[in-house]
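**Q** Mind having a look at this structure? Questions to follow.
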Amino acid sequence: MSYTNQFKLLIVGGGGVGGLFSYCISKSPLTNATLICRSNYKQVKINGFKLKSCTWGNRSYFPDNIVASIGEASDLQDSYDFVVITTKTHNFDTLAESLKSVISSKTCIVLIQNGLNLEEPYIKQYPNNSIISVIAFVGVHQLEPGFLEHYMPFKISF
Numbered sequence: 001m002s003y004t005n006q007f008k009l010l011i012v013g014g015g016g017v018g019g020l021f022s023y024c025i026s027k028s029p030l031t032n033a034t035l036i037c038r039s040n041y042k043q044v045k046i047n048g049f050k051l052k053s054c055t056w057g058n059r060s061y062f063p064d065n066i067v068a069s070i071g072e073a074s075d076l077q078d079s080y081d082f083v084v085i086t087t088k089t090h091n092f093d094t095l096a097e098s099l100k101s102v103i104s105s106k107t108c109i110v111l112i113q114n115g116l117n118l119e120e121p122y123i124k125q126y127p128n129n130s131i132i133s134v135i136a137f138v139g140v141h142q143l144e145p146g147f148l149e150h151y152m153p154f155k156i157s158f
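Using full-length UniProt numbering, you'd call the opening residue of the sequence shown number 1 and step up by one each time.
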C-alpha cells in the first residue's frame, strides 16, 4: 500500500544506532526515510544492511533512500518533517549549523545521542523548532560496513 502523505525523515548517521533506527522506521508505511551514511555508504548503497538481531532475528533491508552527505539529502528533499541525529557526539556545534539546508521552520529535530546538554547548539541554531532529546538504551554495533549486530533490546526514554 502506498501513502501520499508520508512523514519525511532524515537520519543523520548510518552506523549502529542509525542503522537499527532506520530498520525500525522502515516497517512503517507512513514514513519515507533518508539515511546519511559515510564510511559504509558504498556497501549499504549496493547491498543494504544485514541485521543480526536479538529481537527480530536475521534480516536484510534497504532504507528508503541512502545518501552520502547532507548536500545529497538536500538535493533529494527540500526539507524534512523530522531530522534524527544518531551520530557520535563530537563536532555537534558544526553539525547543527551544517543541517540548515534540510531543516525548515516546521522540522522537528530528534537527538538520539549519548551525552548531556546536546540540545544547546540546536536550540541556538533553530530557536523556533521543536527539539526532542532521546536517551537510547540499546546494544548494537556495526561489525563491518553494512552488518549490524543488535544484542540488547532497544528502549528509548524522552
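For each residue, glycine too, the CB sits at the ideal point set by N, CA and C.
Under 6 Å Cβ to Cβ from TYR122, same chain only, skipping five residues before and after it: list those, please.
**A** ALA96, ILE109, ILE131
**Q** According to DSSP, is PHE21 helix, strand or coil?
**A** helix
**Q** Where do the N-terminal and C-terminal ends of the alpha helix (DSSP H) with ASN47 fall, by residue?
**A** The continuous alpha helix (DSSP H) containing ASN47 extends over residues 41-47.
**Q** Among all the DSSP beta bridges, which residues are the ones paired with ILE85?
**A** VAL12, LEU111
**Q** From SER22 to ILE11, what distance separates their C-alpha atoms?
**A** 7 Å
**Q** Using 8 Å as the Cβ pair cut-off and three pairs as the minimum, do the segment 81-90 and the segment 49-60 touch?
**A** no
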